[in-house]
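Novice:
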Amino acid sequence: MANNLIVVVENLTKRFDELLVLENVSIEVHRAENLIVFGKSGSGKSVLLKCIIGLMKPDYGNVFINDKNVLVLSINQLNKVRKDIGFLFQGAALYDSMTVRENLSFPLKRHFEEMTIKEIDDKVKYTLELVSLEEAIDKMPSELSGGMKKRIGLARSIITDPALMLYDEPTTGLDPITSKEISELILNLQKKLNMTSIVVTHDLICAEIIADRAIFLKDAHVAYEGNIDDLTKSNDPFLKNFFSHDIKKV
Amino acid sequence: MNLPRIRYGRRLNYSDYFYNFFATLTGLTIFNWEFFKQAFVPPFEISEVRKHMYELGVKTFGIVSVTGFIIGLVLAMQSQPVMQRFGASDFLPGMVSLSVVRELGPVITALIFAGRVSSGIGAELGSMRVTEQIDAMEVSAINPFKYLVVTRVIATTMILPILTIYVIIIAIMGSYLAIIIVEPMSFEYYRSSVVQSIEFGDFIPGVAKTFVFGYIVGLVGSYKGFSAEGGTEGVGRASTTSVVLASLLILVFDMVLVKVTLWLWPTI
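As given, the protein sequences belong to chains S and G, one line each in that order.
Quick note: the first sequence uses the working numbering, first residue 1, plus one each step.
Quick note: the second sequence uses the working numbering, first residue 1001, plus one each step.
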C-alpha cells in the first residue's frame, strides 16, 4: 500500500437479508485529504463508515487503515487502531448521563493514563475553545441545542488528536447558517490538526466547503468519483437532478 | 459479540415466538459467558461499581422498606387468627420470621428490585443503544460491555443481599406491630422468640440465593438494553421485557435453588 494512503477499502460488500446495500465498493483515501461520500438516503453511506471503523462486519471485502486490515484484527488490536480515529455520529451521540466536561475527558482518562487531572482539564478547555463552546463546559447534553451538540460531539472526537476523522452526516438537521458554520469548523480543524476526513453527507454546501474529492454511491456501487465541480457540473441526468434539487432546497 | 436478533412486529406467528424464546435464551447465555470472560480481567472499574451500587441499590431502600414492613405486618395479621385457633399464638413470631427469612424476604425483595432496577437498566442501556452512545464508546476504543454491563451486574449482585437482610429486619418489625395491635407483647419477649426460632442456617440459603437473583436482575436488564433496537419503541420494549423476564427467572431459579438446597442439606 502506498505510504500516503491512510484508508483503503477493497471490494466491500454488505447486505441485510435480501437488501444489497454495498457491492464491491473500493475507495482509497490519502493522508490529509477530505473525501466526501454522497448518496441518496439509504444508499449505504453510513454502512460504509461503520464498516470502516469496524462497527459492522461486511459480508465480503477488506478495509485497511494504516496498512492494517481492521476486519481480521482482534478486539484489542482493533482498539489500538481506533485510538487514532475520531467518529462524529449523526446525532452526536453524547453520553447523556455526563456533563460536557465529563464527555470530553472520558476518552482522555481511558487512553492517556499518564495525564494529570489538570492536564486533562486544560485539554478539555482548549478543545472547547476550538469549537467556540467554552461556556458549555458544565452543561448536560439535554441543555444543548442541536448545533451545540454537534460541536461538542466534534470536540469529543478530536480531543485525542486522531489522524483520521469520520463524519456521519455532520450537518443533518441543522439550519443553513449553523450547517455552514459546522462545515467551516470541520475544514479549519482539518487544516489546523492536519487530519484526514471522510465525510458522509448529502448537503452540497457542506461538501463544497470541505471536499477535496467526492464519490457518489448509487445502487450499492461507487457510481461517480471526482472533485466536487466534476460532480455538480456533470451532464449526467441523475447527478444533475440530485444536485439541482439540493441547491433549490438550500 | 453477536447476539441473535429478536423478531418484532405486529404480525408474529407461533414460529416467531418459538424462535424468539430460543433467541433470548441463546442471547442470555452469550451475555453470561461474556460477563465471566470480562469480569475478572482488569480494569475493574471499581468507582463505576460503587456508583451503580449507590444509584441502583441505595435509592431502592425506600420502596423495599415500605414493602418489607407491609409483608411482615400482613403476614402476622393473616396468621394470628389461625394460630390462635390452634392455640399456638406463642409460635407466631417464630413462624413469621422463619417465613420471611427463608422465602418471602429474599423473593419479594428480588421481585421489587427487578421491577425497579432491571427496567431502569434496560431503559438506560436501550436508550444508549438507539442513540448510538454505545457505538460511540466502542469507536472510542472503550469496551462498552465492560464499562456498562459488567459494572452494573456486579453492583446488583452485591447490593441485593444487603437489601434483603434489611427487608427481613423491617418485616420482622412490621410483624411485631401487627401482633401488639391485637394482644400486648413486650418487645423483649418478641425478640427472644424470634432469635430462638431462627438459626444461622436459616439465613444462609435465603441470603445466598439473593446473590443469584441480583445477578439475574443485572444481567437481564443489561441484555435487554444492550440488544435494544427500533428507536423509542425499542427502549420501552427493553424496559418492559426486562422486568418480565427477570421476574420469571427469579421465580424459576428460586424453585431450583430451594430444591438444590434441600437436596444438599436436608436438615436445613
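Where a beta carbon is used, it is the ideal one built from N, C-alpha and C, also for glycine.
Answer yes or no: does any C-beta atom of chain G fall closer than 8 Å to that of S/Ala93?
Specialist: The residue given as residue 93 of chain S occupies position 93 in the first sequence. Yes, S/Ala93 counts as interfacial toward chain G.
Novice: Please report whether the beta-carbon of S/His221 lies at a distance below 8 Å from any beta-carbon of chain G.
Specialist: Translated into the one-based positions of the first sequence, residue 221 of chain S becomes position 221. It does not: the Cβ of S/His221 has no partner Cβ on chain G nearer than 8 Å.
Novice: Output yes or no for whether 8 Å exceeds the beta carbon distance between S/Cys206 and S/Pro170.
Specialist: Counted from its first residue, the first sequence places residue 206 of chain S at position 206. Counted from its first residue, the first sequence places residue 170 of chain S at position 170. Going by C-beta atoms, S/Cys206 is nearer than 8 Å to S/Pro170.
Novice: Report the rounded CA-to-CA distance for G/Gly1062 versus S/Leu187, giving the unit in angstroms.
Specialist: Counting from one through the second sequence, the residue named residue 1062 of chain G turns up at place 62. Counting from one through the first sequence, the residue named residue 187 of chain S turns up at place 187. The alpha-carbon atoms of G/Gly1062 and S/Leu187 are separated by roughly 53 Å.
Novice: Any idea what DSSP makes of S/Glu39, helix, strand or coil?
Specialist: Position 39 of the first sequence, counted from the first residue, corresponds to residue 39 of chain S. For clarity, residue 39 of chain S is Gly in the given sequence; the question names Glu instead. The answer is strand: DSSP assigns S/Gly39 an E or B state.
Novice: Give a yes or no on whether the minimum CB-CB distance between G/Ser1242 and chain S is below 8 Å.
Specialist: Position 242 of the second sequence, counted from the first residue, corresponds to residue 1242 of chain G. False, the Cβ-Cβ gap to chain S never drops below 8 Å.
Novice: According to DSSP, simplified to helix, strand and coil, what is G/Ser1186?
Specialist: In the second sequence, counting from the first residue as 1, residue 1186 of chain G sits at position 186. Three-state DSSP puts G/Ser1186 in coil, outside helix and strand.
Novice: Name the DSSP bridge partner or partners of S/Tyr224?
Specialist: As a position in the first sequence, residue 224 of chain S is number 224, starting the count at 1. DSSP, once it has assigned bridges, lists S/Phe216 as partnering S/Tyr224.
Novice: Could you tell me which uninterrupted alpha helix (DSSP H) segments, each at least 4 residues in length, are contained entirely in the stretch 147–210 of chain S, listed from first to last along the chain?
Specialist: Listed in chain order, the complete alpha helix (DSSP H) runs (minimum 4 residues) inside the stretch 147–210 of chain S are 176–193, 204–210.
Novice: Along chain S, which residues have their Cβ under 7 Å away from the Cβ of G/Ser1239?
Specialist: As a first step, residue 1239 of chain G is located in the second sequence; it is residue number 239 there, counting from the start. Residues of chain S passing the Cβ test: none, with the nearest at roughly 16 Å.
Novice: Does G/Val1058 pass the burial test, meaning 16 or more other C-beta atoms within 10 Å, or should it be called exposed?
Specialist: For this step, residue 1058 of chain G is matched to residue 58 along the second sequence. Answer is exposed; the Cβ neighbour count stays below 16.
Novice: How should S/Tyr126 be labelled, buried or exposed, when 16 other C-beta atoms within 10 angstroms of its C-beta is the threshold for buried?
Specialist: What you label residue 126 of chain S is simply residue 126 of the first sequence in a count that begins at 1. Per the 10 Å Cβ criterion, exposed.
Novice: Who are the neighbours of G/Thr1151 on chain S, taking C-beta pairs under 7 Å?
Specialist: Locating residue 1151 of chain G in the second sequence gives position 151, where the first residue counts as 1. Under the 7 Å cutoff, chain S gives no residues; its nearest Cβ is about 13 Å from G/Thr1151.
Novice: Can you round the beta-carbon distance between S/Ile137 and S/Val100 to whole angstroms, since I take them to be within the 8 Å contact cut?
Specialist: Here the question's residue 137 of chain S lines up with position 137 in the first sequence. Here the question's residue 100 of chain S lines up with position 100 in the first sequence. S/Ile137 to S/Val100, Cβ: 5 Å. Contact.
Novice: Against S/Lys83, what residues of chain G qualify as contacts under a CB-to-CB distance less than 9 Å, listed in chain order?
Specialist: Stepping through the first sequence from its first residue, residue 83 of chain S is reached at position 83. Under the 9 Å cutoff, chain G gives Ser1140, Ala1141.
Novice: Would G/Asp1135 count as contacting chain S if we go by Cβ distances under 8 Å?
Specialist: Against the second sequence, residue 1135 of chain G aligns to sequence position 135. Closer than 8 Å to some Cβ of chain S, the Cβ of G/Asp1135 qualifies, so yes.
Novice: Which one of G/Arg1116, G/Thr1067, G/Ala1039 has the shortest CA to CA distance from G/Ile1169?
Specialist: Indexing the second sequence from 1 puts residue 1169 of chain G at position 169. Per the Cα distances, G/Thr1067.
Novice: In or out: S/Asp219 buried (at least 16 other Cβ within 10 Å) or exposed?
Specialist: Looking up residue 219 of chain S in the first sequence gives position 219. Exposed.
Novice: Just grab the DSSP bridge partners of S/Arg110 for me.
Specialist: Position 110 of the first sequence, counting from 1, holds the residue named residue 110 of chain S. Its beta-bridge partners do not exist; DSSP assigns none.
Novice: At 7 Å on the CB atoms, spell out the chain G contacts of S/Pro237, in chain order.
Specialist: Position 237 of the first sequence, counting from 1, holds the residue named residue 237 of chain S. In chain order: nothing, as chain G lies at least about 35 Å away.
Novice: G/Tyr1054: which of G/Glu1138, G/Met1255, G/Leu1163 sits nearest, CA to CA?
Specialist: Taking the first residue of the second sequence as 1, we reach residue 1054 of chain G at position 54. If we check each option's Cα against that of G/Tyr1054, G/Leu1163 comes out closest.
Novice: Are the stretch 83–92 of chain S and the stretch 151–161 of chain S touching by the rule of at least three beta carbon pairs closer than 8 Å?
Specialist: Counting Cβ pairs under 8 Å, three or more are found: they touch.
Novice: Just verifying my parser: in three-state terms, what is the DSSP assignment at S/Tyr254?
Specialist: Outside the shown range of chain S, which is 1 to 250, sits residue 254 of chain S, and nothing can be said about it.
Novice: Please look up how many angstroms separate the CB atoms of S/Ala223 and S/Leu217, rounded, as I've assumed it's under 8 Å.
Specialist: Here residue 223 of chain S is taken as the residue at index 223 of the first sequence, counted from 1. Here residue 217 of chain S is taken as the residue at index 217 of the first sequence, counted from 1. The pair is a contact, with the Cβ atoms about 7 Å apart (cut-off 8 Å).
Novice: Is S/Lys248 helix, strand or coil by DSSP?
Specialist: Taking the first residue of the first sequence as position 1, residue 248 of chain S is located at position 248. Interpretation of S/Lys248 is limited by its pLDDT of 48, a score under 50 that renders its predicted location unreliable; the figure taken from the coordinates is listed afterwards. DSSP places S/Lys248 in helix when its eight states are reduced to three.
Novice: When the Cα atoms are used, what is the spatial distance from S/Val29 to S/Gly44?
Specialist: As a working note, residue 29 of chain S is residue 29 in the first sequence. As a working note, residue 44 of chain S is residue 44 in the first sequence. So the alpha carbons of these two residues sit roughly 18 Å apart.
Novice: Once DSSP output is grouped into helix, strand and coil, what is the label at G/Val1139?
Specialist: Locating residue 1139 of chain G in the second sequence gives position 139, counting from the first residue. Residue state, collapsed to three classes: helix.
Novice: Below 7 Å CB to CB, which residues in the same chain sit around G/Arg1116 once its five sequence neighbours on both sides are set aside?
Specialist: Position 116 of the second sequence, counted from the first residue, corresponds to residue 1116 of chain G. Here the set comprises Thr1060, Ile1063.
Novice: In three-state terms, what does DSSP make of G/Leu1006?
Specialist: The residue labelled residue 1006 of chain G in the question sits at position 6 within the second sequence. Before going on, a small fix: residue 1006 of chain G reads as Ile here, not Leu. Here G/Ile1006 sits in coil by DSSP.
Novice: Closer than 9 Å, Cβ to any Cβ of chain S: which residues of the stretch 1105–1133 of chain G, in chain order?
Specialist: Listed by position along the chain: Glu1124, Ser1127, Met1128, Thr1131, Glu1132, Gln1133.
Novice: What residues in its chain sit with their C-beta under 8 Å from that of G/Tyr1019, if we drop five residues either side in the sequence?
Specialist: Here residue 1019 of chain G corresponds to residue number 19 of the second sequence, with the count starting at 1. Once the five neighbours on either side are set aside, the close Cβ partners of G/Tyr1019 are Arg1007.
Novice: Quick one: grab the DSSP three-state call for G/Leu1251.
Specialist: The count along the second sequence starts at 1 and reaches residue 1251 of chain G at position 251. Helix at G/Leu1251.
Novice: Just verifying my parser: in three-state terms, what is the DSSP assignment at S/Ile85?
Specialist: Stepping through the first sequence from its first residue, residue 85 of chain S is reached at position 85. S/Ile85 falls in the strand class under three-state DSSP.
Novice: Is it the case that the CB of S/Asp168 approaches a heavy atom of the ligand COA more closely than 7 Å?
Specialist: Looking at this structure, you won't find the ligand COA or any other ligand, since it has none at all.
Novice: Using 8 Å as the threshold, is the C-beta distance between G/Thr1157 and G/Phe1200 below it?
Specialist: Looking up residue 1157 of chain G in the second sequence gives position 157. Looking up residue 1200 of chain G in the second sequence gives position 200. For G/Thr1157 and G/Phe1200, no; Cβs fall outside 8 Å.
Novice: Look up S/Glu30 in the DSSP assignment and give the residues it is bridged to.
Specialist: As a working mapping, residue 30 of chain S is identified with position 30 in the first sequence. For the record, residue 30 of chain S in the displayed sequence is His; it is not Glu. The partner list for S/His30 (beta bridge, DSSP) reads S/Leu5.
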